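> Under the numbering used here, think of the first position of the sequence shown as 80, with each following residue one higher.
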Amino acid sequence: ALVSLGLNLLMGYTGQIAAGHAGFLAIGAYVTAIVTANFEWLPCPVTLLLAGTISGLMGFLLGIPILRLKGFYIAMATLAFGVVVSEIILQWSSLTGGDDGFSVPTARIGSFVFDSDFKLFYLIIPVTIIMTLLAKNLVKGYIGRAFIALRESEVAAQTIGVDLAKYKTIAFAISAFYTGVAGGLFAFLITYLSPDAFTIELSIDFIAMIVIGGMGSILGSIIGAVILTGISH
80 ALVSLGLNLL MGYTGQIAAG HAGFLAIGAY VTAIVTANFE WLPCPVTLLL AGTISGLMGF
140 LLGIPILRLK GFYIAMATLA FGVVVSEIIL QWSSLTGGDD GFSVPTARIG SFVFDSDFKL
200 FYLIIPVTII MTLLAKNLVK GYIGRAFIAL RESEVAAQTI GVDLAKYKTI AFAISAFYTG
260 VAGGLFAFLI TYLSPDAFTI ELSIDFIAMI VIGGMGSILG SIIGAVILTG ISH
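1. Assign V183 to one of three DSSP states: helix, strand, or coil.
2. Cα-Cα, which of A261, D275, M294 and V114 is closest to I167?
3. When the Cβ atoms of the stretch 211-219 are set against those of the stretch 136-149, are three or more pairs found closer than 8 Å?
4. Under a three-way DSSP split, which group does L136 fall into?
5. Considering V313, what are the terminal residues of the beta strand (DSSP E) in which it resides?
6. Please return the same chain residues whose Cβ sits closer than 6 Å to the Cβ of S282, not counting the five positions on each side in sequence.
7. Could you tell me whether the stretch 291-309 touches the stretch 81-98, using the rule of 3 or more Cβ pairs below 8 Å?
8. Pick from T93, T111, L104 and G309: whose alpha carbon is nearest that of T126?
9. For G67, count neighbouring Cβ atoms within 10 angstroms of its own Cβ and tell me buried if that reaches 16, exposed if not.
10. Pull up the distance between the alpha-carbon of C123 and that of F191, whole angstroms please.
This is the structure we're talking about:
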């Protein structure tokens with residue numbers, strides 16, 4: 080749900096096409112796994128925040144060169160990004176485990192250990208609620224209005240003072256941040272990571288979620304994720 084929420088902020092509200100969000104999910108997942116493995120004492124919410132921040136930074140950096148592209152070319156560039164991330168994970172085996180994969184330590188906050196799927200929902204649900212509320216506030220504020228203006232007409236948005244480059248990169252960064260946090264939760268849930276978990280097909284599934292739930296709808300992002308996840312299972 081968090082991935083579709085972040086992707087909807089980028090595609091549904093800002094009108095920017097993105098087809099490589101599996102790459103951001105992978106970044107968030109591996110950052111979470113590696114940090115948790117090396118700093119087990121670190122509370123998992125801090126690890127998730129770090130995963131989101133690093134993914135968000137990558138989204139910001141990706142957004143800068145993509146500003147020059149339009150439509151289909153943005154889709155191809157973001158798709159290529161997802162493929163490159165998977166290849167880096169595969170080749171950087173000393174850090175990521177490569178083809179052998181990476182075992183994810185159990186999430187914890189102090190002495191409380193999230194050592195079952197049921198307990199993990201005590202982490203997943205509050206994080207999802209908080210980030211959904213943040214997204215709702217975002218789209219109601221100035222940034223959200225700037226996103227919508229971009230979606231409706233870049234020319235018109237520019238004439239009313241919206242900085243196109245600034246808000247496009249902000250949209251990419253926020254979307255990647257949400258996906259990075261989702262990647263961290265995903266890592267804790269599946270407990271084992273490998274490059275083949277983050278495929279092009281997964282990126283397409285994320286797009287399908289927001290199409291099913293409704294482009295430009297916070298609630299629709301969650302509904303679409305629930306429906307598609309239910310169908311796939």
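Even for Gly, the Cβ is constructed at its ideal location relative to N, Cα and C. Owing to the predicted nature of the structure, the values given are computational and were not obtained by experimental measurement.
Based on what the coordinates show:
1. Residue mapping note: residue 183 aligns to position 104 of the sequence shown, counting from 1. Coil.
2. As a first step, residue 167 must be located in the sequence shown, where it is residue number 88. Of A261, D275, M294 and V114, the residue nearest in Cα terms is D275.
3. no
4. Sequence index remark: in the sequence shown, residue 136 carries index 57 (1-based). Of the three classes helix, strand and coil, the one that applies to L136 here is helix, per DSSP.
5. No answer is possible for residue 313: the residues shown for the chain start at 80 and end at 312.
6. Along the sequence shown, read from residue 1 onward, the residue named residue 282 stands at position 203. So the list reads A98, G99, H100, A101 and G161, once near-sequence residues are dropped.
7. yes
8. Counting from one through the sequence shown, the residue named residue 126 turns up at place 47. Of all alpha-carbon atoms in T93, T111, L104 and G309, the one lying nearest the alpha-carbon of T126 is that of T111.
9. In the structure as shown, the chain starts at 80 and stops at 312, and residue 67 therefore has no counterpart that could be examined.
10. Taking the sequence shown and counting its residues from 1, the one referred to as residue 123 is at position 44. Taking the sequence shown and counting its residues from 1, the one referred to as residue 191 is at position 112. The straight-line gap from Cα to Cα measures roughly 11 Å.
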